[in-house]
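Trainee: Numbering (the numbering used here), first residue to last: 1 to 231.
C-beta atoms are modelled at their ideal positions from N, C-alpha and C, and glycine is treated no differently.
Note that the coordinates shown come from a computational prediction; the quantities given were computed from them, not determined experimentally.
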């Protein structure tokens, strides 16, 4: 199984786990160039062989890669801690199967042309832009459990885990986005939005979905305060 770890600053726990459980890992520096991550993905996609992407601050375990290897899904990944937003999956520890690459060879190239307020081919939007295009083609990211560890000292939350936002982008996404939290107790698919949400998922949309289980994140503290006062 091909394993690729793009990095600018490589977390030592990430490196140690990969050298132990995936000694074949290709460590690829992408620092110093905001487009380097995009060009790496474009090259990997063009190679046409399945690969696992493990980002610089993800710590895999002994069963992580065997689980991805045994999974029949063409696109799947392990969830990881996103602090108060729960457990999400993006490109942190993700399998891109050969079937996916050959069926949609244009996806990465098209993602590099998306204009969503940040520069084209910008590293920070690689996961959301590619995810958006795959969602439009009816492909959903299959989630694996238990979570892998996600380390980021600058955004560390409880238990040293990472606080961040994973974007589940529907086909309407354009321009300015608003952030919501899915507050359902079980996974739910929103066909009108093109969203597949796990409990605690962070969602970015370009308009109010007007759904009782999609709560504006910035409004959440106010809602809790009002609830406490009413008690």
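So what does DSSP say about residue 88, is it helix, strand or coil?
Mentor: Looking at residue 88 - three-state DSSP - the assignment turns out to be strand.
Trainee: Measuring straight from C-alpha to C-alpha, what distance separates residue 102 and residue 215?
Mentor: Between residue 102 and residue 215, the C-alpha separation is close to 37 Å.
Trainee: Any contact of the region 4-16 with the region 47-59, i.e. 3+ C-beta pairs under 8 Å?
Mentor: Enough Cβ pairs lie closer than 8 Å, so yes.
Trainee: Grab the span of the alpha helix (DSSP H) containing residue 39 for me, first residue to last.
Mentor: Taken as a continuous stretch (DSSP letters only), the alpha helix (DSSP H) holding residue 39 covers 36-47.
Trainee: Can you check which of these residues, 81, 69, 30 and 111, is closest to residue 45 by C-alpha distance?
Mentor: Per the Cα distances, 111.
Trainee: Along the chain, which unbroken stretches of the beta strand (DSSP E) at least 3 residues long are found entirely within the region 92-164?
Mentor: With a minimum length of 3 residues, the continuous beta strand (DSSP E) runs that stay inside the region 92-164 are 93-96 and 142-150.
Trainee: In angstroms, rounded to a whole number, what distance separates the CA positions of residue 108 and residue 184?
Mentor: Taking the straight line joining both Cα atoms gives about 32 Å.
Trainee: With distances taken from CA atoms, which of 100, 39 and 60 is nearest residue 141?
Mentor: It is 100.
Trainee: So what's residue 16 in DSSP terms, helix, strand or just coil?
Mentor: Three-state DSSP puts residue 16 in a helix.
Trainee: Look at residue 52 and residue 68 and say whether their C-beta atoms are less than 8 Å apart.
Mentor: Against a cut-off of 8 Å, the Cβ pair of residue 68 and residue 52 comes out as a contact.
Trainee: I need the straight-line Cα distance from residue 62 to residue 21, nearest angstrom please.
Mentor: Whole-angstrom Cα-Cα distance: 6 Å.
Trainee: By the DSSP assignment, the alpha helix (DSSP H) with residue 65 in it spans what residues?
Mentor: Note, residue 65: alpha helix (DSSP H), 64-70.
Trainee: To the nearest angstrom, report how far apart residue 202 and residue 124 are at their CA atoms.
Mentor: One C-alpha to the other measures close to 16 Å.
Trainee: Mapping DSSP to helix, strand and coil, what is residue 217?
Mentor: Here residue 217 sits in helix by DSSP.
Trainee: Given residue 26, which residues of its chain have a CB within under 6 Å of its CB, disregarding the five upstream and five downstream residues?
Mentor: The residues are 4.
Trainee: Along the chain, where does the beta strand (DSSP E) containing residue 10 start, and where does it finish?
Mentor: Counting along the chain, residue 10 falls outside any beta strand (DSSP E), and DSSP gives it neither H nor E.
Trainee: Tell me the residue span of the beta strand (DSSP E) that contains residue 2.
Mentor: Where residue 2 is concerned, there is no enclosing beta strand (DSSP E), given that its DSSP letter is neither H nor E.
Trainee: Select from 144, 77, 148 and 151 the residue whose C-alpha is nearest the C-alpha of residue 127.
Mentor: Checked all of 144, 77, 148 and 151; the closest Cα to residue 127 is 77.
Trainee: Count the other C-beta atoms from every protein chain shown that fall within 10 angstroms of the C-beta of residue 138, then say buried if there are 16 or more, exposed otherwise.
Mentor: That one is exposed.
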